[in-house]
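Working notes for the structure below.
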Amino acid sequence: MVNRVTPGLFARYPTPQALADAPLEEIEETIRQVNFFRNKAKSLKGMAQALVERHGGEVPNTLEELVELPGVGRKTANVVLGVGFGIAEGVVVDTHVKRIAYRLGLTREEDPERVERDLLPLLPPESRVVFTHRVIDHGRAVCTARTARCDRCPLNDLCPSSAVVVPSVAG
Ligand code: SF4
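Every position in the sequence shown, counted from 1, becomes a number in this note's numbering once 17 is added.
Next up, the structure:
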């Protein structure tokens with residue numbers, strides 16, 4: 018739904034200044050199909066105002082500056098850094114990455130920041146952005162929250178949570 022709504026949002030407010038100047042109710046109306054649209058509209062307006070006031074209307078390229086923007090947490094900041102700037106300072110840990118890292122035995126943590134801390138030493142910077150995209154795709158197509166389709170998973174011979182019994186080489 019977010020992907021369906023954002024083209025209209027960007028068309029209506031093509032610059033941070035336009036979004037900062039827009040009435041809150043109008044932003045709410047533009048994104049009302051997404052969950053928590055009132056909170057999100059408030060964050061969007063606040064974020065645009067902060068970009069204009071603190072960063073000359075440009076998106077900053079450091080984690081520290083990004084997480085200071087309204088509505089932006091570590092996950093969003095890592096997405097913007099990785100996809101927007103090609104800077105792989107951290108690893109994006111969303112619900113898919115958290116679940117699959119746990120199932121693969123890459124972490125025993127539940128808190129996203131702790132999961133990220135466990136993943137960082139395992140992933141060289143050049144692999145971090147693509148790792149997240151691959152895991153999210155895998156989490157939507159194969160290893161879903163509801164069902165892990167281990168029989169069709171290419172990692173089923175490596176994964177400690179696999180439901181597939183791999184025959185031993187020794188036979
Ligand atoms: S083997 Fe099963 S639990 Fe492990 S990653 Fe694949 S689908 Fe998920």
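C-beta: ideal position from N, C-alpha, C; glycine also.
Should residue i be labelled buried (16 or more other beta-carbon atoms within 10 Å of its own) or exposed?
i, result
"phenylalanine 148", "buried"
"histidine 150", "exposed"
"methionine 64", "buried"
"methionine 18", "exposed"
"threonine 32", "exposed"
"valine 97", "buried"
"leucine 41", "exposed"
"arginine 145", "buried"
"alanine 67", "buried"
Nearest-angstrom Cα distance between residue i and residue j?
i, j, result
"cysteine 176", "threonine 79", "35 Å"
"leucine 14", "histidine 155", "The structure shown does not extend to residue 14, since the chain is modelled only from 18 through 188, so no value can be given for it."
"glutamate 127", "lysine 115", "7 Å"
"alanine 37", "arginine 49", "18 Å"
"lysine 92", "isoleucine 153", "13 Å"
"cysteine 160", "glutamate 75", "38 Å"
"valine 182", "threonine 164", "17 Å"
"glycine 73", "lysine 59", "20 Å"
"histidine 113", "threonine 124", "13 Å"
"glycine 188", "aspartate 174", "Its pLDDT being 43, under 50, glycine 188 is placed unreliably by the model, and the measurement read from it follows with that caveat. When rounded, the distance between both Cα atoms is 15 Å."
"isoleucine 44", "glycine 90", "21 Å"
"cysteine 170", "alanine 180", "10 Å"
Less than 8 Å between the CB of residue i and some heavy atom of the ligand SF4, yes or no?
i, result
"asparagine 173", "yes"
"isoleucine 104", "no"
"histidine 150", "no"
"histidine 155", "yes"
"alanine 165", "yes"
"arginine 125", "no"
"valine 132", "no"
"leucine 140", "no"
"valine 114", "no"
"leucine 136", "no"
"alanine 162", "no"
"alanine 180", "yes"
"leucine 98", "no"
In terms of DSSP beta bridges, what is residue i paired with?
i, result
"alanine 165", "Cys160"
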